[in-house]
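Below is one structure, written out as structure tokens; the observations come after it.
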Amino acid sequence: MKQFNEEESKYAASAKAFRANVTRDLGNEELRSNFRGAMDYLMAKRKDAFSSEDELEVLREQCKLIKQRCLAKLPHLLEQLEDKLETNGIKVHWAETITEANEIIAQLIAQKKGKTVVKGKSMVSEETALNDYLEERNVECLESDMGEYIVQLAKQHPSHIIMPAIHQNKQQVAKLFADNIDGFEYSTDVDTLIQQGRTILRDKFCQADVGISGVNFAVAETGTLCLVENEGNGRMCTTIPDLHIAITGIEKVVEHLSDVPPLLSLLTRSATGQAISTYFNMINSPRKEGEKDGPKEVHLVLLDNGRSQAFADEELRQTLQCIRCGACMNHCPVYTRIGGHAYGTVYPGPIGKIISPHMLGLDATSNLPTASTLCGACGEVCPVKIPIPKILLRLREESVKPKSDKPQVMQGQGAGRSNVEALIWKVWALVHKSPTLYALSMWGVTRFRFLMPKKLGGWTSVRTAPKPAAKTLHERLKSKQEKRAKQAKQSTNTASR
Amino acid sequence: MQQVNTQHLRNYPKKPKQVYLFGTCIVDSFFPDSGMDAIELLEREGIEVIYPQGQSCCGQPAYNSGYKEEAKAVALVQVKQFPLDIPVVVISGSCGGMMRHHYLDLLGDSVGDLVGNNAEITNFCQRVFEFTEFLVHVLRLKPIDQGPKERVALHTSCAARREMGVHITGNKLISQLANVELVLHDYESECCGFGGTFAVKHADISAAMVADKSKNLVASDVVRYVSADHGCMMNINGALDYQKESLRGEHIASYLLKRIKGTSAKASL
Amino acid sequence: MTNKSADINAISSKARGNILAKLKAEVSGADYDKLPEEIPYIYPEFSHEENLAQFISELEKNHAQVIQTTKEGIAEVISAELAALNITTLLCGEKCYGGNDVHRDVINGLDSNIELQPYDFSIDNNKELLFNECPAALSSSRCSIAATGTIVLWPDENEPRSLSLVPPVHFVIVDANKLHADFARLMAAEQWHDKLPTNVVLISGPSKTADIQQTLAYGAHGPKALIVLLLNS
Numbered sequence: 001m002k003q004f005n006e007e008e009s010k011y012a013a014s015a016k017a018f019r020a021n022v023t024r025d026l027g028n029e030e031l032r033s034n035f036r037g038a039m040d041y042l043m044a045k046r047k048d049a050f051s052s053e054d055e056l057e058v059l060r061e062q063c064k065l066i067k068q069r070c071l072a073k074l075p076h077l078l079e080q081l082e083d084k085l086e087t088n089g090i091k092v093h094w095a096e097t098i099t100e101a102n103e104i105i106a107q108l109i110a111q112k113k114g115k116t117v118v119k120g121k122s123m124v125s126e127e128t129a130l131n132d133y134l135e136e137r138n139v140e141c142l143e144s145d146m147g148e149y150i151v152q153l154a155k156q157h158p159s160h161i162i163m164p165a166i167h168q169n170k171q172q173v174a175k176l177f178a179d180n181i182d183g184f185e186y187s188t189d190v191d192t193l194i195q196q197g198r199t200i201l202r203d204k205f206c207q208a209d210v211g212i213s214g215v216n217f218a219v220a221e222t223g224t225l226c227l228v229e230n231e232g233n234g235r236m237c238t239t240i241p242d243l244h245i246a247i248t249g250i251e252k253v254v255e256h257l258s259d260v261p262p263l264l265s266l267l268t269r270s271a272t273g274q275a276i277s278t279y280f281n282m283i284n285s286p287r288k289e290g291e292k293d294g295p296k297e298v299h300l301v302l303l304d305n306g307r308s309q310a311f312a313d314e315e316l317r318q319t320l321q322c323i324r325c326g327a328c329m330n331h332c333p334v335y336t337r338i339g340g341h342a343y344g345t346v347y348p349g350p351i352g353k354i355i356s357p358h359m360l361g362l363d364a365t366s367n368l369p370t371a372s373t374l375c376g377a378c379g380e381v382c383p384v385k386i387p388i389p390k391i392l393l394r395l396r397e398e399s400v401k402p403k404s405d406k407p408q409v410m411q412g413q414g415a416g417r418s419n420v421e422a423l424i425w426k427v428w429a430l431v432h433k434s435p436t437l438y439a440l441s442m443w444g445v446t447r448f449r450f451l452m453p454k455k456l457g458g459w460t461s462v463r464t465a466p467k468p469a470a471k472t473l474h475e476r477l478k479s480k481q482e483k484r485a486k487q488a489k490q491s492t493n494t495a496s497r
Numbered sequence: 498m499q500q501v502n503t504q505h506l507r508n509y510p511k512k513p514k515q516v517y518l519f520g521t522c523i524v525d526s527f528f529p530d531s532g533m534d535a536i537e538l539l540e541r542e543g544i545e546v547i548y549p550q551g552q553s554c555c556g557q558p559a560y561n562s563g564y565k566e567e568a569k570a571v572a573l574v575q576v577k578q579f580p581l582d583i584p585v586v587v588i589s590g591s592c593g594g595m596m597r598h599h600y601l602d603l604l605g606d607s608v609g610d611l612v613g614n615n616a617e618i619t620n621f622c623q624r625v626f627e628f629t630e631f632l633v634h635v636l637r638l639k640p641i642d643q644g645p646k647e648r649v650a651l652h653t654s655c656a657a658r659r660e661m662g663v664h665i666t667g668n669k670l671i672s673q674l675a676n677v678e679l680v681l682h683d684y685e686s687e688c689c690g691f692g693g694t695f696a697v698k699h700a701d702i703s704a705a706m707v708a709d710k711s712k713n714l715v716a717s718d719v720v721r722y723v724s725a726d727h728g729c730m731m732n733i734n735g736a737l738d739y740q741k742e743s744l745r746g747e748h749i750a751s752y753l754l755k756r757i758k759g760t761s762a763k764a765s766l
Numbered sequence: 767m768t769n770k771s772a773d774i775n776a777i778s779s780k781a782r783g784n785i786l787a788k789l790k791a792e793v794s795g796a797d798y799d800k801l802p803e804e805i806p807y808i809y810p811e812f813s814h815e816e817n818l819a820q821f822i823s824e825l826e827k828n829h830a831q832v833i834q835t836t837k838e839g840i841a842e843v844i845s846a847e848l849a850a851l852n853i854t855t856l857l858c859g860e861k862c863y864g865g866n867d868v869h870r871d872v873i874n875g876l877d878s879n880i881e882l883q884p885y886d887f888s889i890d891n892n893k894e895l896l897f898n899e900c901p902a903a904l905s906s907s908r909c910s911i912a913a914t915g916t917i918v919l920w921p922d923e924n925e926p927r928s929l930s931l932v933p934p935v936h937f938v939i940v941d942a943n944k945l946h947a948d949f950a951r952l953m954a955a956e957q958w959h960d961k962l963p964t965n966v967v968l969i970s971g972p973s974k975t976a977d978i979q980q981t982l983a984y985g986a987h988g989p990k991a992l993i994v995l996l997l998n999s
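Okay, here's the thing in structure tokens:
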């Protein structure tokens with residue numbers, strides 16, 4: 001197995017602190033209300049975006065099958081993509097770990113003596129903690145998506161995969177700008193705030209040597225890198241600087257160009273309820289001879305970082321169908337309560353719970369799969385029908401499996417196992433599979449109900465303890481049946497007399 | 498937008514003479530009244546209810562905690578308690594979902610002396626009906642309301658909603674009660690935060706969720722809320738009691754029975 | 767952190783080998799003919815008028831300004847809009863997309879106080895000019911999509927990528943006769959998989975963001991205004 005541990009980003013450490021994070025963020029009323037408001041907004045937008053349930057369901061099924069086909073052919077499509085991109089003049093690099101990816105990017109920048117990087121939104125670059133890696137090498141790395149820019153200015157991380165600054169309200173952003181931007185006068189007018197960001201960032205686009213972006217779909221058939229965005233910063237990063245480096249996970253490849261329209265349609269509608277994003281940018285090559293703009297060099301970095309581990313298991317492979325729309329978190333009652341930072345992982349919410357264990361190992365993330373009621377809202381809205389609740393169950397199973405020498409499905413398997421808990425379930429099974437033992441234990445629970453403690457840990461911190469009944473349903477029905485049998489007997493006796 | 502709810506695809510049988518009742522472990526030890534009421538309601542419709550004494554728990558608690566082997570052992574025993582080819586009516590949506598949708602996955606490939614074959618498991622799964630589903634689609638119950646005018650809310654457990662479509666059948670049953678106004682509370686479809694061991698393992702998140710759920714139910718200004726799942730109700734009623742709110746939830750079987758009989762419904766906790 | 771930088775080609779080639787080997791081990795023997803059929807949603811057919819109405823309505827919903835005019839009327843419309851915006855400089859290609867010269871009439875017909883800035887330079891040493899001295903731009907388009915209110919641009923040496931991106935106001939000429947029902951049908955009809963240029967961009971409104979408290983703001987980085995000159999003959 002891979003040595004993820006050496007390469008954990010700083011997020012991993014905080015994944016262990018999940019409980020502390022949850023306590024901290026649940027207690028933050030402003031944060032709670034920011035998330036509730038944002039989730040209500042995004043859920044309503046999505047709901048309005050689908051005119052008919054029929055269309056939605058046909059599209060979801062189609063897109064699920066598209067992604068499953070592309071995954072079934074993944075190694076071949078990656079080779080085809082590489083081949084096509086290189087023919088088009090785009091250089092392809094491969095990285096198994098986040099450090100490898102960062103090193104490749106750092107060296108590509110160094111080769112061009114790059115000093116200033118502007119970044120379009122890329123969750124994969126968050127995954128690799130690229131900004132820190134580059135800053136340590138004296139390369140200035142500026143986020144240009146408005147949400148990412150705010151988050152970077154606040155020295156935070158994104159709390160949502162498509163709306164990074166969703167945890168802040170406009171008053172907080174106004175204060176942030178007033179505190180950090182020379183000459184900015186506190187204003188909560190969103191237009192004013194955005195125009196301030198625009199002014200600063202346009203200067204940077206003009207100056208930057210390097211643009212870094214993510215990729216939404218990489219088309220194998222044509223060697224096309226597709227980017228979905230509303231702001232235009234993605235186009236800026238991929239058009240204005242001399243060097244463009246795109247980074248993406250290996251699961252983002254699709255086979256045909258014709259796979260793109262249905263996926264795009266579901267992506268934008270599921271994410272923000274938009275029929276389409278303002279810009280859909282399809283990059284096929286660097287600047288050609290005679291063209292007046294565009295980067296002179298384009299590179300693509302393909303990152304594994306645990307994805308091949310998920311790929312190796314048929315059930316877990318479905319995790320890789322994800323097109324990163326964020327609908328699962330928008331509809332998640334847990335995410336709505338605790339917000340994105342509490343997870344301590346780059347990808348928060350339901351998708352984060354099922355993808356992070358492959359990136360960081362179950363040892364650093366075993367708390368995540370259990371932090372769900374399995375209510376199923378995520379699976380219900382997922383545009384590519386990832387059975388998230390089922391995968392959560394599977395991860396719980398892997399997490400409590402006894403450690404063994406056999407080949408592991410997952411790094412960190414068994415990390416969540418406690419001997420006490422395992423014993424409790426053994427006893428539970430023993431009791432519940434034996435009608436006699438079950439009857440006996442229920443008799444005990446009901447007869448000694450006065451012994452039921454008034455305090456039951458976390459349960460009674462906000463609830464009263466439930467009280468067992470005086471007699472179980474089993475007993476009441478048994479006596480009912482006996483009574484009936486007796487009556488029947490009596491009536492036959494009477495009749496025969 | 499149900500993920501696995503297959504109500505609309507299901508072929509419902511004609512009204513049977515006999516059914517099994519699966520009472521669930523929570524009803525057995527905490528809320529036997531609801532079980533008794535469900536049986537009375539079915540018997541009023543002329544159905545004989547068989548309650549196998551060997552039943553215990555559907556296995557969901559262990560299954561949801563990742564202890565698949567333990568869940569399997571318990572689930573197998575349940576299947577064996579219901580051998581006759583008659584419906585198995587389950588008075589909790591989430592247990593019903595477990596038995597109808599997850600047993601084949603859990604038990605299908607198992608081998609050993611206790612084990613049936615896939616056909617037996619499949620047959621069992623197909624005989625499982627959630628209580629309100631059974632009332633609406635098999636009995637086609639048209640309850641005659643004899644109770645006083647009142648406003649109630651309906652809370653549906655998430656698993657029951659998404660796997661068994663209980664929000665549709667529950668809604669249909671309550672809507673047929675002439676004197677009852679069904680009130681939709683805010684965030685009606687949102688989870689109450691129970692989630693079995695989740696409520697213990699992540700007690701603070703669960704607490705935040707049930708605080709919102711109980712607040713929204715209270716704000717809906719109803720005299721009671723009705724649910725087909727005692728797991729959720731143990732959670733929500735426990736919170737309401739702790740908050741010294743008078744609102745309580747009642748199992749839909751008890752509520753329907755009292756409306757039909759015209760006796761005033763009492764809240765159960 | 768690595769102290770000594772390994773050669774990135776060596777890193778990449780080792781990673782490539784490992785990743786592909788792992789993935790291939792999992793799919794060996796897979797029968798791709800047995801993959802389930804993917805059934806697309808069949809959208810209803812609409813008349814050209816209906817498609818046009820949808821196109822306009824989607825664009826306007828997304829805060830674009832749509833002005834129906836004729837080839838002869840373009841110059842007048844642009845002149846009026848620029849006057850209203852108090853702009854006197856217009857950036858535009860020497861020729862329009864594909865090398866056609868149809869811009870000539872437009873350019874000749876503009877108000878005399880409008881200064882034309884031809885995009886006849888390489889961006890390399892002219893970023894300041896492009897970012898700071900070009901308040902508005904005019905471009906043509908290849909075709910458009912009704913369902914989503916989308917304009918398709920295939921930038922080339924005549925109309926570079928940044929023409930439609932950097933200036934704060936973007937005028938775009940759209941021919942109503944080149945309207946397709948949806949993206950999928952457009953790709954199929956034009957056989958895109960055979961001939962993609964350096965860059966294709968689909969534009970469905972002015973630049974926008976809702977990143978601050980879900981409040982929509984226009985002109986985040988790209989054009990603040992998208993003015994569509996719709997030729998409907």
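Chains as they are written, first to last, in the numbering used here: chain Z, 1 to 497; chain B, 498 to 766; chain A, 767 to 999.
Idealized CB from N, CA, C, for every residue including glycine.
Does DSSP put residue i in a helix, a strand or coil?
i        : result
B:Arg648 : strand
A:Asp977 : coil
A:Trp920 : coil
A:Tyr807 : coil
A:Pro802 : coil
A:Phe937 : strand
A:Asn852 : coil
Z:Arg417 : coil
Z:Ile166 : coil
A:Ile969 : strand
Z:Val334 : helix
Z:Glu297 : strand
May I ask whether a heavy atom of the ligand COA can be found less than 7 Å away from the beta carbon of residue i?
i        : result
Z:Ser258 : Summarising the ligand content, the structure contains no ligands, and the ligand COA is consequently not present.
Return the Cβ separation of residue i and residue j in integer angstroms, given the expectation that the two are a contact with Cβ distance under 8 Å.
i        : j        : result
B:Tyr722 : B:Leu753 : Incorrect: roughly 14 Å between the Cβ atoms, too far for contact.
B:Cys705 : Z:Ser461 : Cys is not the amino acid found at residue 705 of chain B; the sequence shown has Ala there. Not confirmed; about 11 Å, so no contact.
B:Arg756 : B:Gly644 : 4 Å
I'd like to know whether the C-beta atoms of residue i and residue j end up nearer to each other than 8 Å.
i        : j        : result
A:Ala925 : A:Gly839 : For the record, residue 925 of chain A in the displayed sequence is Glu; it is not Ala. No. Outside cutoff.
B:Gly735 : B:Asn561 : no
Z:Pro333 : Z:Ala377 : yes
Z:His160 : Z:Gly326 : yes
To test your reading of the DSSP string, which unbroken beta strand (DSSP E) runs of 3 or more residues are found completely within the region 523-548 of chain B? Whole beta strand (DSSP E) segments, 3+ residues: 545-547.
Completely contained beta strand (DSSP E) runs for the region 218-262 of chain Z, where each covers 3 or more residues: Here the runs fully enclosed are 224-229 and 243-249.
Could you list the residues in the region 383-406 of chain Z with a C-beta less than 7 Å from some C-beta on chain B, going in chain order? Of all residues in the region 383-406 of chain Z, Leu393, Arg396, Glu397, Ser399 and Val400 have a Cβ within less than 7 Å of some Cβ in chain B.
Any C-beta of chain B within less than 9 Å: which residues of the region 232-250 of chain Z qualify? From the region 232-250 of chain Z, no residue has a Cβ closer than 9 Å to chain B.
Quick one: which residues of the region 624-635 of chain B get their C-beta closer than 9 Å to a C-beta of chain Z? List them in chain order. Hits within the stretch: zero.
Whole beta strand (DSSP E) runs in the region 549-629 of chain B with 3 or more residues, listed along the chain? Segments of the beta strand (DSSP E) lying fully in the region 549-629 of chain B: 585-587 and 625-627.
Could you pull out every unbroken alpha helix (DSSP H) segment of at least 4 residues lying fully inside the region 362-404 of chain Z, listed in chain order? The region 362-404 of chain Z contains these whole alpha helix (DSSP H) runs: 362-365, 367-370, 377-381 and 388-400.
Members of the region 447-475 of chain Z near chain B, C-beta cut-off 7 Å: Within the region 447-475 of chain Z, those residues whose Cβ lies closer than 7 Å to any Cβ of chain B are, in chain order, Gly457, Gly458, Trp459, Ser461, Val462, Arg463, Thr464, Pro466, Pro468, Ala469, Lys471, Thr472, Leu473 and His474.
Near-chain Z residues of the region 687-701 of chain B - C-beta to any C-beta below 7 Å: Listed in chain order, the positions of the region 687-701 of chain B with a beta carbon within less than 7 Å of a beta carbon of chain Z are Glu687, Cys688, Gly690, Phe691, Gly692, Phe695, Ala696, Val697, Lys698, His699, Ala700 and Asp701.
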